[in-house]
Structures are given as C-alpha cells and as structure tokens.
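Asker:
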Amino acid sequence: MWEEVEKVSDILKIGDRELTSRLFLGTGKFSSNKLIPEVARASGAQVVTVALRRVDLKYEEENIAAFVPKDCILMPNTSGAWNAGEAVRIARLARATGCGNWVKIEVITDNRYLLPDNYETIKATEILAGEGFVVLPYMSPDLMVAKSLVKAGAAAVMPLGSPIGSNRGLKTKELVRILVEEIRLPIVVDAGIGRPSEAAEAMEMGVAAVLVNTAIATAGDPVTMAKAFGMAVEAGRMAYLSGPGDIMDVARASSPLTGFLRDA
Amino acid sequence: MKIIVNGREEILEEVTTIAGLIALKELNPNAVIVEHNYNLVKKENWSDMVIKENDRLEILRFVGGG
Amino acid sequence: MKDDFSMSFYEEIQKYHTFDFDGFFQRLTGTDIKKIIGKNRLNEHDYLALLAPAAENYLEEMAEKAQSLTIRHFGRVILLYTPLYLSNYCVNHCIYCGFQVNNKLDRKKLTMAELEREAEIIAATGLKHVLILTGESRKHSPVSYISECADILKKYFTSISIEIYPLEEDEYAEVIAAGVDGLTIYQEVYDEEVYALMHPAGPKRDYRYRLEAPERTCRAGIRTVNVGTLLGLNNWRTEAFFTGLHADYLQNLFPEVEMSISPPRMRPHLGGFQPMVDVSDRNLVQYMLAFRLFMPRGGITISTRERSELRDYLIRLGATRMSAGSCTAVGGRSEYYSAGQFDISDERSVSEMAKMIYSQGYQPVYKDWQFLSDNA
Numbered sequence: 001m002w003e004e005v006e007k008v009s010d011i012l013k014i015g016d017r018e019l020t021s022r023l024f025l026g027t028g029k030f031s032s033n034k035l036i037p038e039v040a041r042a043s044g045a046q047v048v049t050v051a052l053r054r055v056d057l058k059y060e061e062e063n064i065a066a067f068v069p070k071d072c073i074l075m076p077n078t079s080g081a082w083n084a085g086e087a088v089r090i091a092r093l094a095r096a097t098g099c100g101n102w103v104k105i106e107v108i109t110d111n112r113y114l115l116p117d118n119y120e121t122i123k124a125t126e127i128l129a130g131e132g133f134v135v136l137p138y139m140s141p142d143l144m145v146a147k148s149l150v151k152a153g154a155a156a157v158m159p160l161g162s163p164i165g166s167n168r169g170l171k172t173k174e175l176v177r178i179l180v181e182e183i184r185l186p187i188v189v190d191a192g193i194g195r196p197s198e199a200a201e202a203m204e205m206g207v208a209a210v211l212v213n214t215a216i217a218t219a220g221d222p223v224t225m226a227k228a229f230g231m232a233v234e235a236g237r238m239a240y241l242s243g244p245g246d247i248m249d250v251a252r253a254s255s256p257l258t259g260f261l262r263d264a
Numbered sequence: 265m266k267i268i269v270n271g272r273e274e275i276l277e278e279v280t281t282i283a284g285l286i287a288l289k290e291l292n293p294n295a296v297i298v299e300h301n302y303n304l305v306k307k308e309n310w311s312d313m314v315i316k317e318n319d320r321l322e323i324l325r326f327v328g329g330g
Numbered sequence: 331m332k333d334d335f336s337m338s339f340y341e342e343i344q345k346y347h348t349f350d351f352d353g354f355f356q357r358l359t360g361t362d363i364k365k366i367i368g369k370n371r372l373n374e375h376d377y378l379a380l381l382a383p384a385a386e387n388y389l390e391e392m393a394e395k396a397q398s399l400t401i402r403h404f405g406r407v408i409l410l411y412t413p414l415y416l417s418n419y420c421v422n423h424c425i426y427c428g429f430q431v432n433n434k435l436d437r438k439k440l441t442m443a444e445l446e447r448e449a450e451i452i453a454a455t456g457l458k459h460v461l462i463l464t465g466e467s468r469k470h471s472p473v474s475y476i477s478e479c480a481d482i483l484k485k486y487f488t489s490i491s492i493e494i495y496p497l498e499e500d501e502y503a504e505v506i507a508a509g510v511d512g513l514t515i516y517q518e519v520y521d522e523e524v525y526a527l528m529h530p531a532g533p534k535r536d537y538r539y540r541l542e543a544p545e546r547t548c549r550a551g552i553r554t555v556n557v558g559t560l561l562g563l564n565n566w567r568t569e570a571f572f573t574g575l576h577a578d579y580l581q582n583l584f585p586e587v588e589m590s591i592s593p594p595r596m597r598p599h600l601g602g603f604q605p606m607v608d609v610s611d612r613n614l615v616q617y618m619l620a621f622r623l624f625m626p627r628g629g630i631t632i633s634t635r636e637r638s639e640l641r642d643y644l645i646r647l648g649a650t651r652m653s654a655g656s657c658t659a660v661g662g663r664s665e666y667y668s669a670g671q672f673d674i675s676d677e678r679s680v681s682e683m684a685k686m687i688y689s690q691g692y693q694p695v696y697k698d699w700q701f702l703s704d705n706a
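Residue numbers (the numbering used here), protein chains in the order written: chain E, 1 to 264; chain G, 265 to 330; chain R, 331 to 706.
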C-alpha cells in the first residue's frame, strides 16, 4: 500500500535495487544443487537466499554460490545465529566474500518451531543497517516490532506466514494484513507458504513479495513447481493492482439513522 | 601445535600459514571463507597469516538455505 | 527508504498546498464512494472522498457502518465531562472569540478558594472528568497557576484535561506531573493564510507553534489528545480533512496515545463576528461519519455548542464523549457572573443528559481514568 506503484511497470524497490519479480527463492533442502539454476530461471526469482556454514573438512563440498545465476541478488541469511552478535558476525563474513550487501537476518533459538527472536533481530538490524547493509529481517508478525525495525533502518520487513517448513500457508494472515496497512516498507512474507495459491493469496492482500523455499525444494518436480509459484505471484499481484470489488457487509437498519437530516 | 578448527582441536605438525592449511585440507580457496581468531582474513592475506598455538579458525562456505 | 519519523506535520500539510481539491471532488463517482465505504482501511484520499459533495448521497450507508464501528470499538457508551474555565485573561486578538483582548468583559481568574467551590459544585453532579480552560496570558494564568489548579482538582476529579495556550515540552511535562492526563487544542483553521487573517496579533499568531503543540505534549507523556478545527472559519471540507490527517499523523507517531477530534461549530458570542462559511447539520454529520470510517478507534467529542435535539441524534452516529452541565463563564457556576466564551446551546444538567442517554439505549460513563500520583 505504501510503495510507489508505477502503472506501466510494477517495480519493487528494495535498498538500491529495482526488482521486477516478487518471488524470492530459498536454496535449502534441494536434493541436488544442480537443480538450482533451473529452478531459479523457472521461478523468475531475482533474489536468492543462501546460508553460511562450517566446511565439513572430511568431504569435498560444492560452493552453492556457483549455482546461483549471476544476475540474481545473493542474499545470505544469518541462520545459525542465536543472538544479534552472532547474526552481525555472520553478515559481515558473508559480505566480505564480495557477494553484495544484502542480508536476511534470521535469529532463531527455538528448535521446535523455528520461530524467530524478534528482539535480537531488531538489535542486529540496527547494527547492520548502520554499516550499510540492505537488511531484510525475518520476524514473527508483530506491529510494534515492525515499527522498531523500520526505525532501526530495515529495507523491508519479512513476517512469517507460518513456521518454517510447515507448508501451512498464511496462518498469520490478519497480523500480516495489519503490517501491510501500517508499515511503510515492503512486506515480504517468508516461511510457511506451501502452495502457489497461498502465495497468490498473500499477494492479493498487498504484500510486496514472498519468499518460498521448502514448497519448491521438496516438490516432486521442483522446476515445474517453481514455475507455478512464479505465475501465482504474478497473478496475485495483478489481482491486487486491479482493485477487487468490495463487499458491503453492513445490514440495513430498520429506521434510518440520518432521516432527521431531511430538513436540515 | 594445538589449534582449534571449526570447533575441534587439531594438531599441526609444522608451522604454516592459513594458505598452507587450506591447501593441506585440499579445499578450494575460492569456495571458502576463513575467520582467524574472530577476524575475517581476506584470501589475498592468507599466505601472510602464520598460525600460532591455540589459534581458533573457522572455515566457512555458502550452503543452501531459506 | 523514507524514514517514518522524519517529516513534521507542518511539512505533511505543505504537500497539499497545490492539491486541486475541487478537481478531486468533481471526479468522484457514486461507485467510488460505495467502494470506499466497504473498505477495511481507508487512506487519506478515501477520507477526503467521504467529505466530498459526492458522498452526501450516501450518508445513510456511512451512518450504518459508522454506528457499527463505534459500537464495536467503544460500546454503547458516552463519556460525560464538563468544562471549567479558570481564567479569561487573554492577550490574543482572535477575531472570532468572545474572550479576545479587544472585547469588553469582566476579566477574571479563579482563586484557589473559588476553584474549590466550582469543583465541589461539579463533583456533586457525579462527573469525574473535567476540562480546564484558560485564555492566553502567561502573566495571569502561567504554567504554575495551571499546575496549582490541577493539584487542587485532583482531589475532586480522576481525569483532568487542559485546553490552554501552547506550551513548551518541559512545561507540558510539568502539568502532566501535576495531574493532567489529556490535551485539547484546536488549530482553529488549518489553512495558513486564513489562519493569519483570523489571528492578526498576539502569540497565537504563530501557526506552526500551535500546530506542533500536540506533538510536544505527546512526547511529554500525555495520555489523550483532542484536536479540531473551528467550523465556520473556512471551507469545512478541507478543514475537516486536515483535522483527520492531523489525528492520523499523531496516532502513527504516538500509537500509545488516545486520539480524538472535536467538530465545534461557531456559536453566537461577544464581538459579533459572523461565520465565513455556513456549516449545516448535514455537513456536521458527514464530517463525523467520514472521520469514524477513517479512524474507527478515534474519539469524537460533541460539546454543548450543539443544540439538544441534534446531540440526541449524534449519540448514535459516532459520538463518544459529550459535555454536560456546561458553563463557559469563569466562576459561572457559583455566584460570580460574567460573559462566557460562547453561548451554550444545550443547557441540560448532568442528570438530564444521563437520562437522555439511557433512553437511547446507551450508558453514560462518568469515570474512565484514574490518576495515580507517586504518593498514592
């Protein structure tokens, strides 16, 4: 609602970049890294997330960054961080590789549901935004936290739709709707989107973009599923822009409330 | 000497640099990031950094993630 | 990205300097209005549309939704309060006001003993919320005087609001510490040029200082804020628009503060200034309904400037606070008599108001706040 909507081309501005695709792609859980370039192309995604991990010194491993199309924005997440300090450390390490200055802040100390720690996330956002990162914090939808993230310098806000990997869809719909209505930054729904229809549902609400990982990576045919998600995000966005008709949900009172004004 | 690599104790037979350690482990230098005692060391400086007793090293890489 | 907190309200208003209001109004269709009424969350332009002539054909639909929203957010409840004028000394030359410096009337300021007398009379009616008013005079009614009065009134009332001249932030903090929890301040006219005409001399001439007073008060820790325009001084549709924008701006900046508006219409008063613009009952109702749809949780205060029959209807159209047993003369409830700030239209007592409210199926509420001092 608050982003500039250009009638001719509907561009999403985050940081200093202009995006034409509103689907962000996660790269975890794929059966093979070789799928990633094809999936990225099929989905049309221009933003791709990766994580930073310790190298396993016993086995030879691939560098996933090599599989991400060169024209995509690489967005490392800070997964593994238990607090703001660790998130900041990971972000700085990632940036030092020369992959760019985008970072998704992910601070999780809950191993059952993988729900993020909103408060550590705010702290990390403030530090990293101050160092010139384009910060996209992953958070549990809470309006006051979102306002703090805006103040801290976030470039977007990423509320979860439902817990990571659950594929349960937009369970936090009403809270996300409030963020769309009240926060003057792009809202990117991240986590829990299980089907293209759910991605479309989020886009119809006015969300700026969605991030999908598990639903694509674990699909029977990830490339086709990626394409379906790309189409669904576009369809949802078009529906939102075309201004759906509204429902009058108020019944008629038996005697008119403004009848007394007839002579006024 | 004793050092800690990725959280585990290791014994280094000879004095070496970070570049040397990476080569020893047969790792692709372009695919990894090295943090030495909580400081990031850029690849171009690996041959200059000599590893000392009790140094902590983190060798990291990008992996798939959401 | 634009920082949410960077632009002051003065700068926000400047954006509308070249806005073509007439063009906007003319382009509206009935379909636009119906769509806006059905929306969940209205933006600024939606609010403006509901204030337009085009929306006049849809007042009943607006009223039904406004009533539904008011009941859901406030219940079938009207909070009662009364104004208490402490002093009518004033150095301003506001051409529309009974208390302006050029008008001849007995200038008076309550002593603490007189204040207690007024407070006793009001407290006996059951009211717990009081609004204290003064003219602008740092000599006769300085901040220390107001704090002293608040200190006394704390014994009789559980909520004290002020409607006085604009203060500095630390002065607001001072009166808040003395027991004040609410601020009422009307910009009178949001159009800067008309404002200058209405306020030819005196400190009130400073448009921006007054405009930014609510922000200073919120930063000082006030709990409730009531803003408004004096209907009749300028084009009511644009003035109502800027009032709503002001309330919305303050709510965004200070989400914890309870925001409300008042839509006072000009009343006969000493000095005889005639309203520039006619604002009918229909216009007043449209304003209230549009605001309710724009800010469902915003309060709407209707004073005794309005006549009884109209106030009775307004209860079901979104009003949330009403004054009762009003008197706009300093010390007017006790023996002393002098000219009031304006003529009161609804002269009903508190018990008469309460009876009327019950008859409408609503409940009058006397107490909605309790000041807790550090010594409590």
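Each residue gets a CB set at the ideal place from its N, CA and C atoms; glycine is no exception.
Helix, strand or coil: how does DSSP classify R/LEU575 here?
Answerer: Counting from 1 along the third sequence, the entry for residue 575 of chain R is found at position 245. Looking at R/LEU575 - three-state DSSP - the assignment turns out to be helix.
Asker: From the DSSP output, in three-state form, read off R/ARG549 for me.
Answerer: Within the third sequence, residue 549 of chain R is the residue found at index 219, counting from 1. Reduced to three states, the DSSP call for R/ARG549 is helix.
Asker: Just tell me which of E/ALA81, E/ARG92 and E/GLU131 has its CA closest to the CA of E/VAL107.
Answerer: By one-based count along the first sequence, residue 107 of chain E stands at place 107. Nearest option by C-alpha distance: E/ALA81.
Asker: Could you pull out every residue in the same chain whose Cβ sits closer than 6 Å to the Cβ of G/MET265, ignoring the five residues on either side in sequence?
Answerer: Here the question's residue 265 of chain G lines up with position 1 in the second sequence. These residues qualify, in order along the chain: LEU276 and GLU317.
Asker: Identify which residue in G/GLY330, G/GLU299, G/GLU308 and G/ALA283 has its Cα closest to the Cα of G/ARG320.
Answerer: For the purposes of this step, residue 320 of chain G is identified with residue 56 of the second sequence, where counting begins at 1. Here the closest residue by C-alpha is G/GLU299.
Asker: Whole-angstrom Cβ separation of E/LEU143 and E/GLU174, contact assumed at under 8 Å?
Answerer: Within the first sequence, residue 143 of chain E is the residue found at index 143, counting from 1. Within the first sequence, residue 174 of chain E is the residue found at index 174, counting from 1. With 8 Å as the limit, E/LEU143 and E/GLU174 do not qualify as a contact, their Cβ atoms being about 11 Å apart.
Asker: Between the Cα of R/TYR537 and the Cα atoms of R/MET337, R/CYS424, R/TYR696 and R/ALA393, which residue gives the shortest distance?
Answerer: Within the third sequence, numbered from 1, the residue matching residue 537 of chain R stands at position 207. Out of R/MET337, R/CYS424, R/TYR696 and R/ALA393, R/CYS424 has the C-alpha closest to the C-alpha of R/TYR537.
Asker: For E/LEU23, name the three-state secondary structure that DSSP assigns.
Answerer: To locate residue 23 of chain E, count along the first sequence from 1; it is residue 23. Of the three classes helix, strand and coil, the one that applies to E/LEU23 here is strand, per DSSP.
Asker: What's the call for E/GLN46, buried or exposed, on a 16-neighbour Cβ count within 10 Å?
Answerer: What you label residue 46 of chain E is simply residue 46 of the first sequence in a count that begins at 1. So E/GLN46 ends up on the buried side.
Asker: Three or more C-beta pairs closer than 8 Å, one from the stretch 630-642 of chain R and one from the stretch 581-589 of chain R: is that the case here?
Answerer: Touching, no, given that fewer than three Cβ pairs across the two stretches are closer than 8 Å.
Asker: Please determine, among R/PRO496, R/TYR643 and R/ARG637, the residue with the shortest C-alpha to C-alpha distance to R/ARG678.
Answerer: Stepping through the third sequence from its first residue, residue 678 of chain R is reached at position 348. R/ARG678 has its Cα closest to that of R/ARG637, out of R/PRO496, R/TYR643 and R/ARG637.
Asker: I need the straight-line Cα distance from E/ASP117 to E/ALA191, nearest angstrom please.
Answerer: Here residue 117 of chain E refers to the residue found at position 117 of the first sequence. Here residue 191 of chain E refers to the residue found at position 191 of the first sequence. Computed Cα separation, rounded: 15 Å.
Asker: Under the assumption that R/LEU410 contacts R/VAL695 (Cβ atoms under 8 Å), give the Cβ distance between them as a whole number of angstroms.
Answerer: By one-based count along the third sequence, residue 410 of chain R stands at place 80. By one-based count along the third sequence, residue 695 of chain R stands at place 365. That pair is a contact at about 7 Å.
Asker: What does E/ARG54 pair with, by DSSP beta-bridge criteria?
Answerer: Taking the first sequence and counting its residues from 1, one reaches residue 54 of chain E at position 54. According to DSSP, E/ARG54 bridges with G/LEU324.
Asker: So which residues of chain G does E/PRO137 contact, with C-beta pairs closer than 9 Å?
Answerer: Here the question's residue 137 of chain E lines up with position 137 in the first sequence. Result: empty, since nearest Cβ-Cβ is about 14 Å, beyond 9 Å.
Asker: Once you ignore the five residues that flank E/LEU170 on each side, which residues in its own chain have a CB closer than 6 Å to its CB?
Answerer: Here the question's residue 170 of chain E lines up with position 170 in the first sequence. Excluding positions up to five away in sequence, the list reads GLY161, GLU198, GLU201 and ALA202.
Asker: Taking R/ASP511 as the reference, give the member of R/PRO496, R/SER489, R/GLN690 and R/TYR388 with the closest Cα.
Answerer: By 1-based counting over the third sequence, the position of residue 511 of chain R is 181. Nearest option by C-alpha distance: R/SER489.
Asker: Near R/ALA384, what residues of its chain come up, given a Cβ to Cβ distance below 8 Å and the 5 sequence neighbours on each side ignored?
Answerer: Here residue 384 of chain R corresponds to residue number 54 of the third sequence, with the count starting at 1. Cβ within range, chain order: PHE355, LEU358, THR359, GLY360, ASP362 and ILE363.
Asker: On the three-state DSSP scale, how would you describe E/PRO76?
Answerer: Position 76 of the first sequence, counted from the first residue, corresponds to residue 76 of chain E. Three-state result, E/PRO76: strand.
Asker: Tell me the rounded alpha-carbon separation between R/THR514 and R/VAL555.
Answerer: If you number the third sequence from 1, residue 514 of chain R lands on position 184. If you number the third sequence from 1, residue 555 of chain R lands on position 225. When rounded, the distance between both Cα atoms is 6 Å.
Asker: List, in chain order, every chain R residue whose beta-carbon is nearer than 7 Å to that of E/PHE260.
Answerer: Along the first sequence, read from residue 1 onward, the residue named residue 260 of chain E stands at position 260. Neighbours of E/PHE260 on chain R, chain order: TYR643.
Asker: Flag this pair as touching only if the stretch 413-430 of chain R and the stretch 389-400 of chain R have three or more C-beta atom pairs under 8 Å; answer yes or no.
Answerer: Output reads no: the stretch 389-400 of chain R does not touch the stretch 413-430 of chain R.
Asker: Taking 8 Å as the CB-CB limit, is E/PRO159 close to chain G?
Answerer: Walking along the first sequence from the start, residue 159 of chain E turns up at place 159. Judged by the 8 Å Cβ criterion, E/PRO159 is not in contact with chain G.
Asker: For the stretch 387-406 of chain R, enumerate the residues whose C-beta is nearer than 8 Å to any C-beta of chain E, in chain order.
Answerer: Residues LEU389, GLU390, GLU391, ALA393, GLU394, LYS395, GLN397 and SER398.
Asker: Please state whether DSSP places R/HIS775 in a helix, a strand or coil.
Answerer: A query on residue 775 of chain R cannot be resolved here, the shown segment of chain R reaching from 331 to 706 and no further.
Asker: Would you mind sorting G/VAL314 into buried or exposed? The rule is 16 or more other CB atoms within 10 Å of its CB.
Answerer: By one-based count along the second sequence, residue 314 of chain G stands at place 50. Exposed, because fewer than 16 other Cβ atoms sit within 10 Å of the Cβ of G/VAL314.
Asker: Pull the bridge partners of R/TYR411 from the DSSP assignment, please.
Answerer: The residue you call residue 411 of chain R lines up with position 81 of the third sequence. R/TYR411 pairs with R/SER653.
Asker: Mapping the DSSP letters down to three states, classify G/VAL269 as helix, strand or coil.
Answerer: Looking up residue 269 of chain G in the second sequence gives position 5. Three-state DSSP puts G/VAL269 in a strand.
Asker: Just list the residues that DSSP pairs E/ASN111 with in beta bridges.
Answerer: Counting from one through the first sequence, the residue named residue 111 of chain E turns up at place 111. E/ASN111 pairs with nothing; no bridge assigned.
Asker: Does E/ARG237 come out as helix, strand or coil in the three-state DSSP assignment?
Answerer: For the purposes of this step, residue 237 of chain E is taken as residue 237 along the first sequence, with counting starting at 1. E/ARG237: helix per DSSP, three-state reduction.
Asker: Would you verify that the beta carbon of E/LEU257 is, or is not, closer than 8 Å to some beta carbon of chain R?
Answerer: The residue you call residue 257 of chain E lines up with position 257 of the first sequence. With 8 Å as the cut-off, E/LEU257 counts as an interface residue toward chain R.
Asker: Return the CA-CA distance between E/THR78 and E/LEU93, expressed in angstroms with no decimal places.
Answerer: Counted from its first residue, the first sequence places residue 78 of chain E at position 78. Counted from its first residue, the first sequence places residue 93 of chain E at position 93. Each residue's Cα considered, the two are about 10 Å apart.
Asker: Starting from R/HIS403 and walking both ways along the alpha helix (DSSP H), at which residues does that stretch end?
Answerer: By one-based count along the third sequence, residue 403 of chain R stands at place 73. Its alpha helix (DSSP H) spans residues 389-404.
Asker: Touch check for the stretch 457-464 of chain R and the stretch 480-498 of chain R: three-plus C-beta pairs under 8 Å?
Answerer: Enough Cβ pairs lie closer than 8 Å, so yes.
Asker: Listing by chain order, which chain R residues have their CB less than 7 Å from the CB of E/GLU181?
Answerer: Along the first sequence, read from residue 1 onward, the residue named residue 181 of chain E stands at position 181. In chain order: ARG371.
Asker: Quick one: measure Cβ to Cβ for R/ALA550 and R/ALA503, integer angstroms, because I've assumed they're closer than 8 Å.
Answerer: Here the question's residue 550 of chain R lines up with position 220 in the third sequence. Here the question's residue 503 of chain R lines up with position 173 in the third sequence. Right, the Cβ-Cβ distance comes to about 4 Å (below 8 Å), so this counts as a contact.
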